[in-house]
Ligand code: B12
Ligand code: SF4
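In my numbering, the protein residues as written are 2 to 604.
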């Protein structure tokens, strides 16, 4: 049984600017298939190798016969994935073409109609469903018994059939990744100039943020035995020379016992590897006492879903956190030597230049090391989508990538939105690179931050950041001429599967009361008057942000202390100059660097 797995060639200049990332889905799927007896697997990473269609054809031409081919797709990469499978079908009509990943999971009706050459869509967690499908093909039962395989969708004439969902894999320890399927030398994380992996300790998320669909995708929250996860990491370090990892988990810390055991195991094995996670502010506050221990285990970067400066938006997003909690989380992480990245979602209907500016002031006031402003993206299968469906004008999923303004705020054009977000980036990173990163005392943090700055400036210089080159953005003077290249012929199929969450959706009275209690605690601890913030929950039409409450002068001074207003776009030359000055500062702040200290990033 020859199996080929393909990662489609899609790029959008967001998170990927940090380097070339090794895809986890391939490792977990290949490991599971191999354990099931299917070992003849090849992986084509068209994204990392930036393969053109002709180059993909050339790779596929090397295959004598393919039995099953699997391609992954998140929402923005769906058309590229459909096209890759079409090419496979043209060249290898004998191959059973399979699509997996989040987009097809909920949008199988539409995908099977627009790409009839796809034989099956695997919905949700992929391992056991794919193994059942491969076994069926191997046993010659495909396609006759496909209706017996849970968790897939396929076409039967003009009709789309979705079989019963496959239950989530209960014993996640039965999933053993095979990372040897990857061609390792090419997966480099620019900030640390080392190989990078995204192992997965826990799947799922017990929260239900309205803009997100990851909690629906994985359904139940399950965590692997921390010792086995560290076995996997030890293998990545020792066999594949991985020097940095980010847990692919949505919520790695909610099970504190497992997370502490994971950290202890990393410490005991003295792997000396640095790593990062995405997590929730509430977990950081809960684990304040353990932060030094987490840092000792190598945790150096935490990306926080702080999302919005305004409490209204946090409530709209169902984040169950408060602005005051966000501020405290950033502070205690910084005090414990962990790099903090605040994430904001921009571009909801009520967004204005002022509210975008507020998030900049917030990020500065909190003292976040990094900040990231993503465009609000209305996944058509998310809960929030259903509330705003009539306002969604763009259904070209290729642009659903966090960097393109899919939604046009009521009082701003898309160009103004992008420009205001770019203004935040320019101001924030200009000040951080001049007044913060080079002066960080801890050499590990400093090296890391300067490495991130390097990745950021490299992508800005290459005009890849936020697809700025593609849309033609060169600063405020160009906002009326931007080329969004939306394909308006794309429409939404009525039959979106919103996920059968009724039986397991976890938002409950308990969670509401916990969230309320947390708000009160944070209010008491920080001495902030949260009255209006709460009132915005009851009266959302009157948007009042906490900023209106906090001492705005203090915030403005905080920003001024870092260099003041500055609305101009940085030119490429200026960016290079900033990087050079940052290097000089770093060398002065740490003379051993000038003498070639290997602790510091290579230039
Ligand atoms: C690591 C990561 C990345 C890495 C990608 C590394 C790589 N080469 O794969 C980088 C940093 C490059 C990246 C970039 C982007 N990302 Co990203 N990323 C993630 C993250 C944090 C983890 C993904 C992961 O590895 N999960 C673990 C694996 C095991 O799960 P999985 O991929 O879902 O695979 C399972 C199933 O989906 C299924 N499956 C998947 N593929 C296939 C294929 C077949 C054939 C089968 C049978 C099954 C199957 O089986 C697998 C095992 O169960 C997720 C958030 C999260 N916590 O999941 C976001 C996430 C996937 N990213 C997202 C987005 C939007 C992007 C960007 C567009 C953002 C941007 N502009 O930068 C880009 C697009 C990059 C691209 N060209 O594809 C969104 C997708 C949302 C959506 N609904 O489509 C997510 C969910 C973040 C979010 N919270 O919204 N990302
Ligand atoms: S906490 Fe994160 S993963 Fe969980 S539902 Fe919210 S945004 Fe999604």
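All C-beta atoms, glycine included, are put in the ideal place defined by N, C-alpha and C.
Item	Value
Residues in the same chain with beta-carbon distance under 6 Å from residue 199, minus the five sequence neighbours each way, listed in chain order, please.	25, 247, 249
Quick check: residue 480 and residue 421, are their CB atoms within less than 7 Å of each other?	no
Indicate whether residue 306 and residue 344 have their beta-carbon atoms separated by less than 7 Å.	yes
Alpha carbon to alpha carbon, what distance is there between residue 369 and residue 342?	6 Å
Should residue 16 be counted as a contact of ligand 1 given a C-beta to heavy atom distance under 6 Å?	yes
Check for me: the beta strand (DSSP E) holding residue 279 runs from which residue to which?	275 to 280
If you follow the beta strand (DSSP E) that residue 155 is in, where does it begin and where does it stop?	153 to 157
Go through the segment 202 to 232 residue by residue and report every complete run of the alpha helix (DSSP H) that reaches 4 residues or more, in order.	215 to 219
For residue 658, which residues from the same chain have a beta carbon less than 7 Å from its beta carbon, with the 5 sequence-adjacent residues on both sides left out?	There is simply no residue 658 to check, as the chain begins at 2 and stops at 604 in what is shown.
Is it true that the CB of residue 100 sits closer than 7 Å to the CB of residue 122?	yes
Going by CA-CA distance only, name the one from 136, 162, 463, 212 that's closest to residue 388.	212
Tell me the DSSP secondary structure of residue 190 in three-state form.	strand
Would you tell me roughly how many angstroms separate the C-alpha atoms of residue 349 and residue 466, rounded to the nearest one?	22 Å
Taking the alpha-carbon positions, what's the residue 11 to residue 84 distance?	11 Å
Under 8 Å: do the segment 268 to 285 and the segment 293 to 306 share three or more Cβ pairs, one atom per stretch?	yes
So is residue 240 in contact with chain B if we call contact Cβ pairs under 7 Å?	The structure shown has no chain B; it contains just one protein chain.
Would you grab the beta carbon distance between residue 453 and residue 363 for me? Rounded to a whole angstrom, and I think it's under 8 Å.	Wrong, their Cβ atoms sit about 20 Å apart, outside the cutoff.
Looking at ligand 1, does it come within less than 6 Å of residue 216, judged from the CB to the closest heavy atom?	no
Can you grab the Cα-Cα spacing for the pair residue 400 / residue 473, in whole Å?	15 Å
Helix, strand or coil for residue 448 per DSSP?	helix
Contact between the segment 102 to 113 and the segment 142 to 150: three or more CB pairs below 8 Å?	no
Near residue 1, what residues of its chain come up, given a Cβ to Cβ distance below 8 Å and the 5 sequence neighbours on each side ignored?	Because the chain spans 2 through 604 in this model, residue 1 falls outside it and cannot be assessed.
Where does residue 117 land, buried or exposed, given buried means 16+ other C-beta within 10 angstroms?	exposed
In angstroms with no decimal places, state the Cα-to-Cα distance between residue 156 and residue 115.	11 Å
Does DSSP classify residue 44 as helix, strand or coil?	strand
In terms of residues, what are the limits of the beta strand (DSSP E) holding residue 371?	371 to 376
Distance, Cα to Cα, residue 324 vs residue 353?	19 Å
Is the separation between the beta-carbon of residue 75 and that of residue 103 shorter than 7 Å?	yes
With a cut-off of 8 Å on the beta carbons, I'd call residue 272 and residue 235 a contact; round off their distance for me.	6 Å
So for residue 520, helix, strand or coil by DSSP?	Because residue 520 sits at a pLDDT of 49, beneath the cut-off of 50, its placement in the model cannot be relied upon, and the point is left open.
Under the criterion of a Cβ to heavy atom distance below 6 Å, does residue 26 qualify as lining ligand 1?	yes
Which two residues bound the contiguous alpha helix (DSSP H) that contains residue 5?	Premise fails: residue 5 lies in the beta strand (DSSP E), 4 to 8, not in any alpha helix (DSSP H).
Taking the alpha carbon of residue 5 as the point to measure from, which residue in 15, 16, 65 has its own alpha carbon closest?	65
Using C-beta distances below 8 Å, list every residue in its chain close to residue 219, excluding the 5 sequence neighbours before and after it, in chain order.	125, 126, 169, 204, 205, 206, 251
Whose C-beta lies closer than 8 Å to the C-beta of residue 9 among residues of the same chain, with five residues either side of it excluded?	47, 48, 72, 73, 74, 78, 81, 82, 84, 85
Assess, as a yes-or-no matter, whether the segment 443 to 451 is touched by the segment 393 to 408 under the definition of 3 or more beta carbon pairs within less than 8 Å.	no
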